[in-house]
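**Student:** Quick one: structure below, then a few questions.
Number of protein chains: 2
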Amino acid sequence: MQPARFDLLGIGNAIVDVVAPVEHAFLSRHDMTPGGMSLIDTERAEALYAAMPPGQESSGGSVANSCAVAAMLGARVAYLGKVADDELGAVFRHDIAATGVHFPTAPLVGGAPTARCLIVVTPDGQRTMHTYLGAAVSFGEADLDPALIGESAVTYLEGYLFDPPSAQFAFRRAAEIAHAAGRQVALSLSDAFCVHRHRAAFREMVREQVDILFANEAEICSLYEVNSFGEAADAVHSEVTLAALTRSEMGSVILRGGERVAVAAEPTTVVDTTGAGDAFAAGFLAAYARGETLGACGRLGSRAAAAVIAQYGARPLGDLRTMLED
Amino acid sequence: MQPARFDLLGIGNAIVDVVAPVEHAFLSRHDMTPGGMSLIDTERAEALYAAMPPGQESSGGSVANSCAVAAMLGARVAYLGKVADDELGAVFRHDIAATGVHFPTAPLVGGAPTARCLIVVTPDGQRTMHTYLGAAVSFGEADLDPALIGESAVTYLEGYLFDPPSAQFAFRRAAEIAHAAGRQVALSLSDAFCVHRHRAAFREMVREQVDILFANEAEICSLYEVNSFGEAADAVHSEVTLAALTRSEMGSVILRGGERVAVAAEPTTVVDTTGAGDAFAAGFLAAYARGETLGACGRLGSRAAAAVIAQYGARPLGDLRTMLED
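Same order as they appear, the protein sequences are chains A and B. Under my numbering, think of the first position of the first sequence as 17, with each following residue one higher. Under my numbering, think of the first position of the second sequence as 17, with each following residue one higher.
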């Protein structure tokens, strides 16, 4: 096998975030599920945006965030995802390229606009997301680059890709190509509601195609339909080679074969939890690419997550490596 | 005279900001004048954006920022400025409307895109701006609403409007309409380089059409081509009814007839000085609309500026009135 050209290839929904702070009452007034991610159509997106206070726009998308952060931490990273040929698509492309991520996917011309995620953040830092998928829906098998997948040590997929049907197909195909090339496949479960929507497909994929699994407590409990973290951890341990399970301020638990490592959360000021899980996966995978111990992988994940939680937006503004210096 | 329907009507270049942190070396590498605002064409905008690190987008424009902040502080505010019928135009319109500002200007269809300002912020918090005016260039007399000007207690103009030729014409016309209706005209000098580009026109306008002038130390010294703040203050005192001169961390000096009030700067953490002068004018004019003393006007200006300086972006993210509670 050739040495990998990229440490990490991410495949995900390419999204621009619109973030605005709100009071808790805003959530109940607009029938929102606190902390969740809901898919919305054009009409609901327009109505919700009209109701939101002034915001800030920045590039998002779960795996795209992880790719940007991993690149900031020195990993060699590529990304596949679909934007439109419009202004927000240009913003997405600029931002991911400016972190040094190779992003070869052609934009969608003449179709739906670039996907956007309307994110409202309550004073406790919790984010509630509503996603209009737009151009991301058209990501399909034709956007996969088998040579690129074969050149990447880890192909990292987000659970959100189960939502757009053609992306779901491409998603499974990408995992097959990676394994055929002797590479690894990582998956983030993304969101407990997303797991609920596609539980059977997730269960099958986790069992048969995933080498490294990222999930938070709600997601892993939803996957196995159990009520305790312990039961969920036992279940995943028997199915996946490597699992990194995050528990917010309770830190994370990493499981691999006979190893079970608990990593403490990094103390931080909670401003906006958007992107915390994405940054954890980025730190973990950046350290994993350097062959570090599971504990070191978890610690870099925790530190990257802490940096992102202390600011508005899912990707660190500024030099992350300087921020993480002691 | 009828009571005013609006406390403040702003007229300015409608711009979306793209903000990114950089090191000082970035400025010298790209021949930038630290702290200045330069006008750039499409080609330079594309080259500069390509060189910039990942950023955040948010609504900007000097007087538009002041209008948004004044509305957050409870003033009744309207705004006139030209965006295009595109995605960034929709962001600008959403954000200013969401603060409660009346924004009736029709978008430009089929022409240049919405204006954008590429802002790089060095670790000392200083912002250096490069503006592509796009659709803002097409703001003209047809966009003025004489009835709206007549219903507004203060029409507030930004010096940057001297740059687009048709806006410059509209700008003078707006001042005439306001005075014919018995209302007041306020002007911000905007930028020392802008003053240098249009000094004679500024001098004439300040003398003949301005009731309330906002300027920082560099701008007022450039206007009168003097080297000391004291000389500049004496010169402006003899020409304008009310002048509010800001001096960064040295606070501000307010001059009106026999009154000369010095106001201290509000202590704050300097993250990004973008919009500091705009927020000062907003706080000043919001208090002025309530008939407060010059000292109280200056203090609300300083407090609004301090809130904006402590974050990335020119407009406060969140509830400004809550932020300013003691």
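Positions of the beta carbon are idealized from the N, C-alpha and C atoms, including for glycine.
Which of the residues in the stretch 85-113 of chain B, read from start to end, lie with their CB under 8 Å from any CB of chain A?
**Tutor:** 102, 103, 104, 107, 110, 111 and 112
**Student:** Candidates B/241, B/324 and B/229: which alpha carbon is nearest residue 215 of chain B's?
**Tutor:** Your numbering for residue 215 of chain B matches position 199 in the second sequence. When each option's Cα is compared against that of residue 215 of chain B, the closest is B/241.
**Student:** Quick one: is residue 181 of chain A buried, meaning 16 or more other Cβ sit within 10 Å of its Cβ, or exposed?
**Tutor:** As a working mapping, residue 181 of chain A is identified with position 165 in the first sequence. Label assigned to residue 181 of chain A: exposed.
**Student:** Report the three-state DSSP secondary structure of residue 8 of chain B (helix, strand or coil).
**Tutor:** The requested residue 8 of chain B is not part of the displayed model; chain B covers only 17 to 342.
**Student:** So which residues of chain A does residue 68 of chain B contact, with C-beta pairs closer than 9 Å?
**Tutor:** Position 52 of the second sequence holds residue 68 of chain B. Within 9 Å Cβ-Cβ: 110 and 114.
**Student:** Just the Cα atoms here: how many angstroms apart are residue 70 of chain A and residue 104 of chain B?
**Tutor:** Here residue 70 of chain A corresponds to residue number 54 of the first sequence, with the count starting at 1. Here residue 104 of chain B corresponds to residue number 88 of the second sequence, with the count starting at 1. So the alpha carbons of these two residues sit roughly 13 Å apart.
**Student:** Does any residue of chain A bring its CB to less than 8 Å from the CB of residue 72 of chain B?
**Tutor:** Here residue 72 of chain B refers to the residue found at position 56 of the second sequence. With 8 Å as the cut-off, residue 72 of chain B counts as an interface residue toward chain A.
**Student:** Relative to the C-alpha of residue 201 of chain B, which candidate in B/271, B/165 and B/310 has its C-alpha closest?
**Tutor:** Here residue 201 of chain B refers to the residue found at position 185 of the second sequence. The residue with the shortest Cα to Cα distance from residue 201 of chain B is B/165.
**Student:** Buried or exposed, going by whether 16 or more other CB atoms sit within 10 Å of the CB of residue 273 of chain A?
**Tutor:** To locate residue 273 of chain A, count along the first sequence from 1; it is residue 257. Residue 273 of chain A comes out exposed.
**Student:** Counting contacts by CB-CB distance shorter than 8 Å, is residue 333 of chain B in contact with chain A?
**Tutor:** Along the second sequence, read from residue 1 onward, the residue named residue 333 of chain B stands at position 317. So yes, residue 333 of chain B belongs to the interface.
**Student:** Which chain B residues are close to residue 75 of chain A, counting only those with a beta carbon under 7 Å from its beta carbon?
**Tutor:** Sequence index remark: in the first sequence, residue 75 of chain A carries index 59 (1-based). For residue 75 of chain A, the C-beta contacts it makes with chain B under 7 Å involve 70, in order along the chain.
**Student:** Taking residue 329 of chain A as the query, report the chain B residues whose CB atoms sit under 7 Å from its CB, ordered along the chain.
**Tutor:** In the first sequence, counting from the first residue as 1, residue 329 of chain A sits at position 313. Result: 72.
**Student:** What does residue 120 of chain A touch in chain B if you count any residue whose Cβ is under 9 Å from its own?
**Tutor:** Here residue 120 of chain A refers to the residue found at position 104 when the first sequence is read from its first residue. Per Cβ cutoff of 9 Å: no residues; residue 120 of chain A is ~17 Å from chain B at best.
**Student:** Are residue 144 of chain B and residue 50 of chain B closer than 8 Å when you measure CB to CB?
**Tutor:** Residue 144 of chain B sits at position 128 when you count from the first residue of the second sequence. Residue 50 of chain B sits at position 34 when you count from the first residue of the second sequence. Going by C-beta atoms, residue 144 of chain B is nearer than 8 Å to residue 50 of chain B.
**Student:** Can you check whether the C-beta of residue 37 of chain A is within less than 8 Å of a C-beta belonging to chain B?
**Tutor:** Position 21 of the first sequence, counted from the first residue, corresponds to residue 37 of chain A. For residue 37 of chain A, the answer is yes, since a Cβ of chain B falls inside 8 Å of its Cβ.
**Student:** Taking the alpha-carbon positions, what's the residue 333 of chain B to residue 297 of chain A distance?
**Tutor:** As a first step, residue 333 of chain B is located in the second sequence; it is residue number 317 there, counting from the start. As a first step, residue 297 of chain A is located in the first sequence; it is residue number 281 there, counting from the start. Distance between the alpha carbons of residue 333 of chain B and residue 297 of chain A: 28 Å.
**Student:** Mind listing, in chain order, the continuous beta strand (DSSP E) runs of no fewer than 3 residues lying wholly within the stretch 221-273 of chain B?
**Tutor:** As summarised for the stretch 221-273 of chain B, the continuous beta strand (DSSP E) elements at least 3 residues long and confined to that stretch are 228-232, 258-262 and 268-272, given in chain order.
**Student:** Among the candidates B/99, B/320, B/30 and B/311, whose CA atom is the shortest distance from the CA of residue 292 of chain B?
**Tutor:** For this step, residue 292 of chain B is matched to residue 276 along the second sequence. Ranking the options by Cα distance to residue 292 of chain B, first place goes to B/320.
**Student:** Just checking: is the beta-carbon of residue 65 of chain A within a distance shorter than 8 Å of some beta-carbon in chain B?
**Tutor:** On the first sequence, residue 65 of chain A is found 49 positions in, with the first residue counted as 1. For residue 65 of chain A, the answer is yes, since a Cβ of chain B falls inside 8 Å of its Cβ.
**Student:** Starting from residue 48 of chain A and walking both ways along the alpha helix (DSSP H), at which residues does that stretch end?
**Tutor:** Your numbering for residue 48 of chain A matches position 32 in the first sequence. It is not in any alpha helix (DSSP H) - residue 48 of chain A carries neither H nor E in the DSSP assignment.
**Student:** Can you tell me whether residue 18 of chain B is buried or exposed? The criterion is at least 16 other CB atoms within 10 Å of its CB, across all chains shown.
**Tutor:** For this step, residue 18 of chain B is matched to residue 2 along the second sequence. Its Cβ having fewer than 16 others within 10 Å, residue 18 of chain B is exposed.
**Student:** Which residue marks the beginning of the alpha helix (DSSP H) containing residue 88 of chain A, and which one marks its end?
**Tutor:** The sequence position of residue 88 of chain A within the first sequence is 72, counting from 1. First-last of the alpha helix (DSSP H) with residue 88 of chain A: 78-88.
**Student:** What is the C-beta distance between residue 325 of chain B and residue 284 of chain B, in whole angstroms, given that I count them as a contact (C-beta under 8 Å)?
**Tutor:** By one-based count along the second sequence, residue 325 of chain B stands at place 309. By one-based count along the second sequence, residue 284 of chain B stands at place 268. Going by Cβ atoms, the distance from residue 325 of chain B to residue 284 of chain B rounds to 5 Å, so yes, they are a contact pair.
**Student:** Which residue from A/122, A/176 and A/209 puts its Cα closest to that of residue 294 of chain A?
**Tutor:** Residue 294 of chain A sits at position 278 when you count from the first residue of the first sequence. Measuring from the Cα of residue 294 of chain A, the nearest candidate turns out to be A/176.
**Student:** Within 10 angstroms of the Cβ of residue 212 of chain B, are there 16 or more other Cβ atoms? Answer buried if so, exposed if not.
**Tutor:** Stepping through the second sequence from its first residue, residue 212 of chain B is reached at position 196. Flag for residue 212 of chain B reads exposed.
**Student:** Is residue 23 of chain A near residue 91 of chain A, with beta carbons less than 8 Å apart?
**Tutor:** Indexing the first sequence from 1 puts residue 23 of chain A at position 7. Indexing the first sequence from 1 puts residue 91 of chain A at position 75. Going by C-beta atoms, residue 23 of chain A is nearer than 8 Å to residue 91 of chain A.
**Student:** Going by C-alpha distance, which of B/199, B/197, B/247 and B/187 is nearest residue 218 of chain B?
**Tutor:** Here the question's residue 218 of chain B lines up with position 202 in the second sequence. Nearest to residue 218 of chain B by alpha-carbon distance, out of B/199, B/197, B/247 and B/187, is B/187.
**Student:** Would you call the stretch 33-48 of chain B and the stretch 219-230 of chain B touching, i.e. three or more CB-CB distances under 8 Å?
**Tutor:** no
**Student:** Which of the three DSSP states, helix, strand or coil, is assigned to residue 328 of chain B?
**Tutor:** Numbered from 1 along the second sequence, position 312 holds the residue referred to as residue 328 of chain B. DSSP places residue 328 of chain B in coil when its eight states are reduced to three.
**Student:** Between the Cα of residue 288 of chain B and those of B/267, B/48 and B/135, spot the shortest distance and give me the residue it belongs to.
**Tutor:** Here residue 288 of chain B is taken as the residue at index 272 of the second sequence, counted from 1. The shortest Cα separation from residue 288 of chain B among B/267, B/48 and B/135 belongs to B/135.
**Student:** Between the alpha carbons of residue 149 of chain A and residue 282 of chain A, how many angstroms are there, rounded?
**Tutor:** Mapped onto the first sequence, residue 149 of chain A falls at position 133. Mapped onto the first sequence, residue 282 of chain A falls at position 266. Approximately 33 Å between the Cα atoms of the pair.
**Student:** Following the continuous beta strand (DSSP E) through residue 145 of chain B, name the residue where it begins and the one where it ends.
**Tutor:** Residue mapping note: residue 145 of chain B aligns to position 129 of the second sequence, counting from 1. Residue 145 of chain B -> beta strand (DSSP E) spans 143-148.
**Student:** So residue 37 of chain A is in the beta strand (DSSP E); what residue range does that whole segment cover?
**Tutor:** Counting from 1 along the first sequence, the entry for residue 37 of chain A is found at position 21. 31-37 is the span of the beta strand (DSSP E), which, as asked, contains residue 37 of chain A.
**Student:** Pop quiz: residue 299 of chain B and residue 316 of chain B are said to be a contact at Cβ under 8 Å. What is the actual Cβ separation, rounded to whole angstroms?
**Tutor:** What you label residue 299 of chain B is simply residue 283 of the second sequence in a count that begins at 1. What you label residue 316 of chain B is simply residue 300 of the second sequence in a count that begins at 1. Yes, residue 299 of chain B and residue 316 of chain B are in contact; Cβ-Cβ is about 4 Å, under 8 Å.
**Student:** When DSSP builds the beta bridges, which residues end up paired with residue 95 of chain A?
**Tutor:** To locate residue 95 of chain A, count along the first sequence from 1; it is residue 79. Under DSSP, residue 95 of chain A forms a beta bridge with A/26.
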